Amino acid sequence: VAMAIASHSLDQGGHLAPDDLAGYRVRWRKPMQWQLGRSTRLRSNPPPAFGGLMTALMTQGLERGLPPGAAFGSPAHLDAMTRAMRLSEAQRIELERPECLRSSRVLMQAFLQLGQTHALTQRGTTHISVRDRTGNLAE
């Protein structure tokens, strides 16, 4: 299987080689969890990865900023989404400080202590995937 994956990667212009896969080890971690609304519990990858933290920041920011009854895709929804994205990006930059990246525990503590006032900047990328209980996936 590893040879097929590496071969496909190289054939498509990628850089993944058999040695990369041979050295890979899965690290099982307990997922981080948070509540969204009254009835939804979300789980995602924990630190040191940033995907779960970013998903939590985005969903919580959207939940706080979305006016009641705002329709999906409406100007109010899009405005709340944009504000949540800006805030979560600013919070991500704060979490990327060297003192926060010393360990997963320190990173999670910094995440839990985030304030609401941050300078807004934009840089970098984050990939966020969401899957619902019926298997629909949004990336």
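For the sequence shown, the working numbering assigns the number 185 to the initial residue and increments by one for each residue that follows. Every residue gets a Cβ at the ideal spot worked out from N, C-alpha and C, and that includes glycine. Predicted model only: the values in this text are computed from it and were never measured.
Q | Neighbourhood of R267 by C-beta, 6 Å cutoff - its chain only, sequence neighbours within 5 removed | A | Closer than 6 Å at the Cβ level, and outside the excluded window around R267, lie G249.
(Q) Output needed for S272: all residues of its chain with C-beta closer than 7 Å, excluding positions within five of it in sequence on either side, in chain order. (A) M238, L241, M242, G245
Q: Compute the Euclidean distance between the alpha carbons of G253 and S287, then round it to the nearest angstrom.
A: 41 Å
Q.
Between the alpha carbons of L296 and V290, how many angstroms are there, rounded?
A. 10 Å
Q: Alpha carbon to alpha carbon, how far is G235 from R270? Give it in angstroms, no decimals.
A: 16 Å
(Q) I need the straight-line Cα distance from Q300 to A274, nearest angstrom please. (A) In this prediction, Q300 has a pLDDT of 41, which is less than 50 and means its spatial position is unreliable; nothing more can be read from the coordinates.
Q: May I have the straight-line CA-CA distance separating N229 from W212, to the nearest angstrom?
A: 10 Å
Q. Does the Cβ of A255 have 16 or more other Cβ atoms within 10 Å, making it buried, or fewer, making it exposed?
A. exposed
Q | E278 beta carbon less than 8 Å from that of L298 | A | Taking C-beta atoms as the reference points, L298 and E278 count as a pair closer than 8 Å.
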